[in-house]
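Engineer:
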Amino acid sequence: MSSASLKTRRTSFVEFFAERAIRASGFVAIAFVVLIFLFLLLEGLPAITEVSISNLLSTRWYPTESHFGLLPLILGSVLVTLGAAIIAVPTGVLAAIFVAEVAPRWLREILKPMIEVVAGIPSVVLGFIGMIALSPLVRVAFNAPTGLTAFTGALILAYMALPTIISVAEDALDAVPRSYRDAALALGATRWQTIWMVTVKAARSGILTAIMLGIGRAIGETMAVMMVTGNAARMPLSLDSLFMPARTMTATIAAEMGEVAQGSTHFHVLFMIGIVLFVITFIVNFVASIAIFRQTRRSARLLS
Amino acid sequence: MLMNRTPKIVIENLSLRYSDGTESLNGISLTIYAHEIMALFGPAGGGKSTLLRVLNRLNDLVEVKKMTGRVLLDGQDIYAPDVNVIELRRRMGIVFAQPLPLPLSIRANIEYGPRLAGIRDSSQLSHIVESSLRAAAMWDEVKDRLDESGFAISGGQQQRLCLARVLALEPEVILMDEPMSGLDPLSTAKIEDSMQQLKQQYTIVIVPHSIQQAARIADHAAFFLQGKLIEEGPGKQLFTNPHDKRTEDYVTGRFG
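Protein sequence lines, in the order shown, are assigned to chains F and Y.
Numbering of the first sequence is given in the working numbering, commencing with residue 595 and proceeding in unit increments.
Numbering of the second sequence is given in the working numbering, commencing with residue -6 and proceeding in unit increments.
1) Below 6 Å CB to CB, which residues in the same chain sit around residue 183/Y once its five sequence neighbours on both sides are set aside?
2) Whole alpha helix (DSSP H) runs in the stretch 637 to 687 of chain F with 4 or more residues, listed along the chain?
3) Using Cβ-Cβ distances below 7 Å, what residues of the stretch 762 to 783 of chain F are close to chain Y?
4) Since residue 91/Y meets chain F, which of its residues come closer than 8 Å, beta carbon to beta carbon?
5) Below 8 Å, can you find three or more Cβ-Cβ pairs linking the stretch 34 to 53 of chain Y to the stretch 770 to 786 of chain F?
6) Hey, is residue 887/F's beta-carbon within less than 8 Å of any beta-carbon in chain Y?
7) By how many angstroms is the C-alpha of residue 764/F removed from the C-alpha of residue 690/F?
8) Listed from N- to C-terminal order along the chain, which residues in the stretch 783 to 812 of chain F have their beta-carbon within a distance smaller than 7 Å of any beta-carbon of chain Y?
9) When you compare only the Cα positions, how much space is there between residue 236/Y and residue 175/Y?
10) Between the C-alpha atoms of residue 742/F and residue 677/F, what's the straight-line distance to the nearest angstrom?
11) What residue does the alpha helix (DSSP H) around residue 268/Y start on, and which one ends it?
12) At a CB-CB cut-off below 8 Å, which residues of chain F make contact with residue 86/Y?
13) Need the endpoints of the beta strand (DSSP E) that residue 166/Y sits in, please.
14) Sort out for me which residues DSSP pairs residue 63/Y with in a bridge.
15) Would you tell me roughly how many angstroms separate the C-alpha atoms of residue 96/Y and residue 754/F, rounded to the nearest one?
16) In this structure, does DSSP put residue 225/Y in helix, strand or coil?
17) Can you check which of these residues, 837/F, 835/F, 759/F and 881/F, is closest to residue 692/F by C-alpha distance?
18) Under a three-way DSSP split, which group does residue 10/Y fall into?
19) Is residue 2/Y closer than 8 Å to residue 64/Y when the C-beta atoms are compared?
20) I need the DSSP call for residue 212/Y, collapsed to helix, strand or coil.
21) Are any of the Cβ atoms in chain F nearer than 8 Å to that of residue 106/Y?
22) Measuring CA to CA, which of 831/F, 694/F, 768/F and 836/F is closest to residue 824/F?
23) Could you tell me which chain F residues have their CB closer than 8 Å to the CB of residue 110/Y, listed as they occur along the chain?
24) So, with DSSP's three-state summary, where would you put residue 72/Y?
25) Roughly how many whole angstroms lie between the Cα atoms of residue 615/F and residue 624/F?
26) Kindly indicate which three-state DSSP category residue 26/Y falls into: helix, strand or coil?
27) Rounded to the nearest angstrom, how far is the Cβ of residue 669/F from that of residue 870/F, given a contact under 8 Å?
28) Using the DSSP secondary-structure output, state which residues sit across from residue 31/Y in a beta bridge.
29) Under the three-state reduction of DSSP, which class applies to residue 85/Y: helix, strand or coil?
30) Since residue 100/Y contacts residue 139/Y with CB under 8 Å, what's their CB separation in whole angstroms?
31) Considering only C-alpha positions, which residue in the set 188/Y, 181/Y and 179/Y is nearest to residue 166/Y?
32) List, in chain order, every chain F residue whose beta-carbon is nearer than 8 Å to that of residue 33/Y.
33) Indicate the three-state DSSP secondary structure (helix, strand or coil) for residue 897/F in the structure shown.
34) What is the residue span of the alpha helix (DSSP H) that residue 716/F lies within?
35) Relative to the alpha-carbon of residue 830/F, which residue among 654/F, 606/F and 647/F has its alpha-carbon at the smallest distance?
36) Assign residue 833/F to buried or exposed, taking buried as 16 or more other Cβ atoms, counted over all protein chains shown, within 10 Å of its Cβ.
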C-alpha cells in the first residue's frame, strides 16, 4: 500500500516539473519574438522623427546624401522574390509529382536523398556559383550589360526554394492513401487523370504548405542575393528591370550595417528596413496560414 | 433458364504469383455467366480478391512475378497487348471492401467516371446521377444533399455511393470485394436487394464476407482454398450438398 502511494507521489512530482518546463520553454519562444520586435521598434522608430515620411517613401536610396527612399529596396525584394516564386513553384510541384508518383522506385530512392542534400548547401556557396557560373550565362543569354541582375537573384533563390518545396510536397503526395488511387483507376481514370484530379487534390493543403515554406526561405535570404543581384538601388518599373541590377532589403541591411555609425540616422533607417521586412514576412505567413487553415477545414469537411 | 446461359467471363488455367511470394492463384479455370451472381468464397488468403483484381487489371500496378493462363471477356483476351485497360475498367466496375468516396461532393463522386469518359452535358450528367443513385437504392436519402461531401454520409451510404459511382459508368460486369464487410445489417439488406435488381442488367462477381451471405445471394458459387479452386457449382447445391469434403467442412463451419 505504502509503496503504491509513494510511487504516485513521485509521478506527480515529475509530472509537475515536466509541465512547468514545457510551459516555460513555450513562453521563452514567444518572449524572444516579442523582444526581437521590441528591439526593432526601439532602434527603428527614431528614424521616423529623424527623416521625413516623404523622404522614406521617395524613390532614391542614397544614405550618404540623406536620401532614405525605401521604395526601390522594397520593390527590389518583391521583384526578386516573385521571380523566384514564379520559377520555383511550378517546377517544384511538378518535380514532387514526378518523384512521388511517376518515377520508378529505384530512381526515387536516388532522388530523395539528393534533394535533401541540395537543401543543405550553404547560401554563400550558391551565391558563389551564381556569381561565377550563372551570371556570365545570364549576361550572354539576355545580352545585358551585366550578369548580376534581379533575374540571376531570382534563379538562385528559386534553386534554394526548390528542395524545400519538393520534399515537403512529395511527403504530402506520398501520404495520400493508395486506395484513392485504386478507386480512381477503377473508375476508368488514366494515370495522369488520377494524379491530377485525385492525388494532387487530396494533397492540396500539404502542397500549399510546401510552397509557403519555400517562398518563406526565399524572402529572408540575404547572402546569395547580395552576391548575385548587383545591389544597385534603383526603381524596378518596367519588365526589363528584371535583367538589370536590383537591391533587396536584406542585402541592404547586411551590406551597410557594418559601416554605419551606431545611433546615427542611417543606423535607425536600417532598422526601419528591418521592421518593414518583419511586417511583410508576418503578413505573408499570416495570409498563408489562413489559406492553409481554410484548406484544411474544407478538406476536413470533405474527409471526416 | 439454364438453357440459354451465355458465358460472360471465361478464366482458363490462370496462375499468378506475387513478387513477395504471398497470395497467389494456382491453375484456376472458371466460367462466369451473364446476368448471374457469382460468389467467390473461402478462407482468407485463398486468392479471391486477387482474382477480382486480375479481372479488371488493377493488378497491373502491383508487382506480379509471373502470370499464366487467359481471361476472356466476351471471348476477348483481356491481357492481349492491344487491349485498352481504361476501357476494360469501365466495362468491369469494382466496389471495394472499404467505402472509398473520392474527396469530392456526392454528385461529383458519381459524375467523376462519366466525365472521364467524356460526358460534359449537364442535363445528361444529372440524369446519370439520379438513375445510378436510384439503382443503388439511396436516391431518396441523398437527393437534397448532393453537393455535400462524400464523407458527410454514413458508412452504409458511402458504400452505396461507391456502388452508384460504378453503376454510373454503365459497366457490364460489377466486381464486389466484400462490399458489405463494414456495414450494418440494414445497409447490407439494402445492397443485397438492389443486387437482385442489378443482375437483370449486369453480371456480378462478388466476394461475400460470410457464407450466410454467399448462400443468400449466389446463383453460382466457387470455393477457393489457398489459391486453388476446389469446387464450383450452382449456389443451392454448393451450400447444401457439396461434393468435396473440404467444401463441406468449410460450409458447415468446421474450419474457416
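Yeah, the Cβ is synthetic: ideal placement off N, Cα and C, and Gly gets one too.
Quantities reported herein were computed from a predicted structural model and do not represent experimental measurements.
Structural biologist: Reading from the atomic positions:
1) In the same chain as residue 183/Y, and ignoring 5 residues on each side of it, the C-beta atoms closer than 6 Å to its own belong to 130, in chain order.
2) 640 to 644 and 647 to 650
3) 773, 774, 776, 777, 778, 779, 780, 781, 782 and 783
4) 773
5) yes
6) no
7) 5 Å
8) 783, 784, 787, 792, 795 and 796
9) 32 Å
10) 15 Å
11) Any property of residue 268/Y remains undetermined from this structure, which presents chain Y solely from -6 to 249.
12) Contact annotation for residue 86/Y against chain F: 780 and 781 [CB-CB distance below 8 Å, chain order].
13) 166 to 170
14) 5/Y
15) 33 Å
16) strand
17) 759/F
18) Here residue 10/Y carries a strand assignment [DSSP, helix/strand/coil].
19) yes
20) coil
21) Taking 8 Å as the CB threshold, residue 106/Y lines the interface with chain F.
22) 836/F
23) Within chain F, the residues 782 have their CB atoms less than 8 Å from the CB of residue 110/Y, given in chain order.
24) coil
25) 14 Å
26) In this structure, residue 26/Y counts as strand in the three-state DSSP scheme.
27) Contact between residue 669/F and residue 870/F fails: their C-beta atoms lie close to 12 Å from each other, not under 8 Å.
28) The secondary-structure analysis by DSSP pairs residue 31/Y across a beta bridge with 198/Y and 213/Y.
29) Residue 85/Y falls in the strand class under three-state DSSP.
30) 4 Å
31) 188/Y
32) What residue 33/Y touches in chain F: nothing, since even the nearest Cβ is about 18 Å away.
33) Residue confidence is low: residue 897/F scores 47 on pLDDT, short of 50, so the model does not pin down where it sits. No coordinate-derived value is stated.
34) Where residue 716/F is concerned, there is no enclosing alpha helix (DSSP H), given that its DSSP letter is neither H nor E.
35) 654/F
36) exposed
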